[in-house]
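Below is one structure; the comments refer to it alone.
Protein chains in written order, with my numbering: chain A, 37 to 240; chain B, -8 to 187.
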């Protein structure tokens, strides 16, 4: 049964939200969610790549021969990732320094390739756009949520966007940071708890 | 056979366009990226060396051709006079080259200060060369005629404990900077006239 256009968009926000429901693309999810700012930056970069590559793949889906489709998708995705990388270097260098290697690694993020293969190569441009946007925003929000938990417990503050002075010290100076949460093992624990929470809420 | 040709053609055309777009984008962002790198990688070191300068030392810079390398030289203006020049050299550290920004006071012939820009040293040990300002502060005000070296090598710099190699790298980079400065002195002086 064909879904309505709204459903294509909304599914990425809850039903198929990448890190929690599909449990895909965990490499950046675990690595960059040390602060909300990093999470949002990474999410937006991925969203841009998702939307653009979905649209291009969808518009070329009749031209691309089946046997080399993966190679073609990778060329398209890699191009957009390099675009993001260059633009970020030129306009948001501090963020680029923090995200570093994880920007080029969007190329091998299985969410992006997965959407091209599973969705964009079979659907029209507008649907693919909505799909990319929905999944991308869902990804951004989940990164931000996970980062918020980790940063709040790990440092006692939240940095949402340094350039706009959106950094808060939530618990005040008396809070002793539980820095385990901003280290790598904390990422797994936080992700596990979030998954558990999502499943509990989803059951009802 | 037809399918084969189609595959080759599609992939070639796609890669061709991808290459073209990226080359264009790279050309058009190159200058901005270079500026950003200067600002964020070398900027902090240059600014700390020229603390209290009346100009923007990142914007006031010129390049000199030194043999095969092109050196970018930052200028610090104090009281309306271009007194300081800073440029980057490097020394062999424990984890690869340690990049050092060296500021030289052209009037008094002494070091105005140094600052580590890039390094691959061990966190908590050699990395202190960058994170602990008290180490690089020792270089401030050293006369150029003086030997710049750690105490073990007969100099006056006390090395970071546990990171003698890094400390030596910084010292040798500073010594190199002196040599380069002596070599390029007249060219630098010519260029500095523009900043008065």
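Backbone N, C-alpha and C define an ideal beta-carbon position, used for all residues, glycine too.
Between residue 181 of chain A and residue 66 of chain A, the gap from beta carbon to beta carbon reaches 8 Å or more.
Taking 8 Å as the cut-off, the Cβ atoms of residue 41 of chain B and residue 77 of chain B count as close. Across the stretch 100 to 113 of chain A, CB contacts with chain B closer than 8 Å involve 100, 101, 103, 104, 107, 108, 111, 112, in sequence order along the chain. Residues of the stretch 186 to 213 of chain A with a C-beta less than 9 Å from any C-beta of chain B: none at all. Within the stretch 47 to 68 of chain B, contact with chain A at the beta-carbon level (separation under 9 Å) is assigned to no residue. Boundaries of the beta strand (DSSP E) around residue 87 of chain B: 87 to 96. Any Cβ of chain A closer than 8 Å to the Cβ of residue 29 of chain B would place that residue at the interface, and such an atom is absent. In the three-state DSSP reduction, residue 135 of chain A falls in the helix class (H, G or I).
Here DSSP, grouped into helix, strand and coil, assigns residue 137 of chain B to coil.
The stretch 93 to 108 of chain B and the stretch 163 to 176 of chain B touch, with no fewer than 3 CB-CB distances between them shorter than 8 Å.
Excluding the 5 residues flanking it on each side, residue 62 of chain B has same chain C-beta neighbours closer than 6 Å at 55, 78, in chain order. Closer than 8 Å at the C-beta level to chain B, one finds these residues of the stretch 124 to 149 of chain A: 125, 126, 127, 129, 130, 133. For residue 106 of chain B, the secondary structure class from DSSP, reduced to helix, strand or coil, is strand. Rounded to whole angstroms, the Cβ separation of residue 113 of chain A and residue 149 of chain A is 7 Å, and the two are in contact under 8 Å.
Listed by position along chain B, the residues whose Cβ is nearer than 7 Å to that of residue 119 of chain A are 16. Chain B has no Cβ within less than 8 Å of the Cβ of residue 166 of chain A.
Looking from the CA of residue 111 of chain A, the closest CA among A/144, A/72, A/124, A/202 belongs to A/144. Interface residue (Cβ-Cβ distance to chain B less than 8 Å): residue 86 of chain A is not classified as such. Per DSSP, residue 169 of chain B is one residue of the alpha helix (DSSP H) stretching across 155 to 183. Closest by C-alpha distance to residue 137 of chain A, out of A/118, A/155, A/147, is A/118. The straight-line gap separating the alpha-carbon atoms of residue 46 of chain A and residue 169 of chain A is approximately 9 Å. Using a Cβ-Cβ cut-off of 7 Å, residue 159 of chain B is close to nothing in chain A; its nearest Cβ partner there is about 28 Å away.
Contact annotation: residue 1 of chain B and residue 108 of chain A have beta-carbon atoms nearer than 8 Å.
In this structure residue 74 of chain A is buried. Its beta-carbon is surrounded by 16 or more other beta-carbon atoms within 10 angstroms.
Each residue's CA atom was taken as its position, placing residue 77 of chain A and residue 219 of chain A some 19 Å apart. Within the DSSP bridge table, the entry for residue 73 of chain B names B/68 as partners.
The three-state secondary structure of residue 152 of chain B, taken from DSSP, is coil. Interface criterion met: the Cβ of residue -2 of chain B is under 8 Å from a Cβ in chain A. Counting only runs of at least 4 residues, the stretch 147 to 194 of chain A fully encloses the following alpha helix (DSSP H) elements, listed from N- to C-terminal order: 161 to 191. From the beta-carbon of residue 24 of chain B, the residues of chain A found nearer than 9 Å are 122, 125, 126, 129.
Straight-line spacing of the CA atoms in residue 68 of chain B and residue 92 of chain B works out to 17 Å. Within the model, the alpha-carbon separation for residue 44 of chain A versus residue 167 of chain A is close to 5 Å.
If the five residues before and after residue 96 of chain B are omitted, its C-beta is found closer than 8 Å to the C-beta atoms of 74, 75, 102, 103, all from its own chain and listed in chain order.
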